[in-house]
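In our numbering, the protein residues as written are 76 to 635.
All C-beta atoms, glycine included, are put in the ideal place defined by N, C-alpha and C.
These numbers come from a predicted model, not from an experiment.
The next block holds one structure in the form of structure tokens; read it before the comments.
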Ligand code: UDP
């Protein structure tokens, strides 16, 4: 790891990172800047001159940004615009390799793929031909992981996968342990799919109950394996099957048993979904939320994302068919923490919780309104009659909150609904070396207030320790500032979950979020967090204990 360069007085570094992303990922031949990119994308997606102007303005102003595959591929020969896919995996050699091929075609275009491997026979069971034995889901995941490794050499963005296994599968323990060694299955996130019946047993403390009659595994044994894995390095994630399927808007088409790689899109087999996010930081005007602007932007964004479904170039016909039936889109938000900072509200405050819920309610409400309008103009989604919607609508689901890992950098705002990781941190660059960044709203607040040497010392303090909460000099940081400038590691896990739950209440699909825990968190805390998250109605969660992995994108200054 190269030493990150600390450069006081040379800007906060975000602009350099943004330029780098634009160049390495989004600019196409003949394009020089963001406006050029926006023109290509808006032209490809608009169906009328009025829409072109509307879409161009959304993107140029960065109040709404579509997800990376759309920015990279709209108006190019690829034409593949979706970030999220779910591919079924069935238990025969032919079907397995069909799925692998479909995944490779998707990843080549920058899309992410999710699979539930539960239909695969356990390791050691007899093979269909009667010759030899089956190798089980974990071996298959290894195969899919290798395929991604090869495909990634061709694309601009590495493919990501989600590997899911039902908690009732005989191989669930080896699956949970599959990523325990760092570096293993690095192209996969893994998640256990858990029904309410299991969580209820855990909540009631029935740990000795036999969960799997065939293997004899007890509830407590499997739950401890999950907790151990998370404590060690943040995996597996957990998905709540019944909660996800309570929001299945087309139950007649089957159950939902998988999500895309970061968990925000539970989808039916072969469905794909286009994502795009509203930049909440730009919704604040004169210290207030501009609700009209939020609603208006959400409506326009729905038109944008719905248009994409018709011009999208689908990797295989099954995906075109499944996506066309339900026309799901994933409108989300980013820059939530920046919005709070601009409003002067701490992330862990009751006001923030209330605002989270209201924002998502308004976004979803406006999205539904526009989708109904589009249904009147252009027709409902073909499976509307088979859905639980009671009034004509064009899209089976409309809202989801993506991580916005790249587009939030482009838009210059905090990612998704995450709290800022640290006011000063280092980040691995696309080019491989590292970079020190200062949060722009932190800089705007403290730089003019403090003498240069004190400001530099404050930066160095946070860069080393990841917090300003332990600064004792009120001249540098006072109590009010301490409340407002709490970052990811200053916020307790319960608040992280409460915020996710507040957004989830009015979100059709799911939410990608990491529940941060301090390095000293105990396994018991992790178990409690899983139960609490289930009770709060989350569809799934990812927990990460600080410093439990060596390789991370964001970090603090290395210890000297
Ligand atoms: N994704 C992917 N590869 C990546 C990052 C993301 O395939 O390296 C997919 C994945 O399905 C994820 C979705 O894109 O859930 C959205 O991710 P994010 O919001 O971070 O993407 P961005 O649009 O910011 O690039």
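Would you say residue i touches the ligand UDP, meaning its beta carbon is less than 7 angstroms from a heavy atom?
i: residue 341; result: no
i: residue 482; result: yes
i: residue 97; result: no
i: residue 335; result: yes
i: residue 344; result: no
i: residue 636; result: Since the first residue of the chain shown is 76 and the last is 635, residue 636 is not available in this structure.
i: residue 159; result: yes
i: residue 223; result: no
i: residue 478; result: yes
i: residue 350; result: yes
i: residue 612; result: no
i: residue 233; result: yes
i: residue 261; result: no
i: residue 143; result: yes
i: residue 174; result: no
i: residue 266; result: no
i: residue 154; result: no
i: residue 356; result: no
i: residue 202; result: no
i: residue 368; result: no
i: residue 489; result: no
i: residue 587; result: yes
Is it true that the CB of residue j sits closer than 8 angstroms to the CB of residue i?
i: residue 146; j: residue 386; result: no
i: residue 300; j: residue 264; result: no
i: residue 139; j: residue 131; result: no
i: residue 455; j: residue 476; result: no
i: residue 296; j: residue 262; result: no
i: residue 178; j: residue 162; result: yes
i: residue 629; j: residue 500; result: yes
i: residue 470; j: residue 381; result: yes
i: residue 149; j: residue 213; result: no
i: residue 624; j: residue 399; result: no
i: residue 239; j: residue 172; result: no
i: residue 195; j: residue 166; result: yes
i: residue 346; j: residue 290; result: no
i: residue 377; j: residue 180; result: no
i: residue 266; j: residue 313; result: yes
i: residue 490; j: residue 472; result: no
i: residue 609; j: residue 315; result: yes
i: residue 217; j: residue 255; result: no
i: residue 332; j: residue 268; result: yes
i: residue 143; j: residue 482; result: yes
i: residue 484; j: residue 92; result: yes
i: residue 559; j: residue 341; result: no
i: residue 621; j: residue 591; result: yes
i: residue 397; j: residue 343; result: yes
i: residue 589; j: residue 493; result: yes
i: residue 444; j: residue 466; result: no
i: residue 409; j: residue 488; result: yes
i: residue 197; j: residue 246; result: yes
i: residue 606; j: residue 278; result: yes
i: residue 88; j: residue 512; result: yes
i: residue 383; j: residue 389; result: no
i: residue 441; j: residue 374; result: yes
Taking CB distances under 8 angstroms as the criterion, tell me whether residue i reaches chain D.
i: residue 465; result: Absent from the structure: chain D. Only one protein chain is present.
Cβ-heavy atom distance between residue i and the ligand PLP below 7 angstroms?
i: residue 187; result: Absence of the ligand PLP from the depicted structure is noted, with the ligand UDP being the only ligands included.
Checklist entry - Can you give, in chain order, each stretch of the alpha helix (DSSP H) that sits fully within the region 195-280 and has at least 4 residues? => result Counting only runs of at least 4 residues, the region 195-280 fully encloses the following alpha helix (DSSP H) elements, listed from N- to C-terminal order: 211-226, 247-252 and 271-278.
Item to check | 4-residue-minimum alpha helix (DSSP H) runs that sit fully inside the region 306-358, ordered along the chain | outcome: You should have 316-321.
Checklist entry - If you pair each beta-carbon of the region 581-595 with each one of the region 329-344, do three or more pairs fall below 8 angstroms? => result As far as the Cβ criterion goes, the region 581-595 touches the region 329-344, which means the pair count is three or higher.
Item to check | At least three beta-carbon pairs within less than 8 angstroms, the region 351-363 to the region 168-187 | outcome: Contact between the region 351-363 and the region 168-187 is not established, with fewer than three Cβ pairs separated by less than 8 angstroms.
Checklist entry - For the region 397-452, which segments carrying the beta strand (DSSP E) assignment without a break, of at least 3 residues, lie completely within its bounds, in sequence order? => result Whole beta strand (DSSP E) segments, 3+ residues: 404-409.
Item to check | Sufficient close CB pairs (3 or more, under 8 angstroms) joining the region 302-311 to the region 589-601 | outcome: Counting C-beta pairs closer than 8 angstroms gives three or more between the region 302-311 and the region 589-601, which meets the contact rule.
Next on the checklist: Across the region 562-570 and the region 270-279, are there enough close Cβ pairs to call them in contact, namely three or more that are closer than 8 angstroms?
Outcome noted: Taking 8 angstroms as the limit for Cβ pairs, the verdict is that the region 270-279 does not touch the region 562-570.
Next on the checklist: Quick test of the definition: if touching needs 3 or more C-beta pairs under 8 angstroms, does the region 525-534 touch the region 549-564?
Outcome noted: Short answer: they touch.
Item to check | Cβ contact check for the region 487-501 and the region 153-161: 3 or more pairs under 8 angstroms | outcome: Contact check between the region 487-501 and the region 153-161: fewer than three CB pairs, one atom from each, fall below 8 angstroms, which does not count as touching.
Checklist entry - Any contact of the region 575-582 with the region 414-434, i.e. 3+ C-beta pairs under 8 angstroms? => result As far as the Cβ criterion goes, the region 575-582 touches the region 414-434, which means the pair count is three or higher.
Checklist entry - In chain order, which continuous runs of the alpha helix (DSSP H) of length 4 or greater are located wholly inside the region 126-150? => result Complete alpha helix (DSSP H) runs here, min 4: 143-148.
Next on the checklist: Could you tell me which whole beta strand (DSSP E) segments of length 3 or greater appear in the region 590-622?
Outcome noted: Runs found: 615-620.
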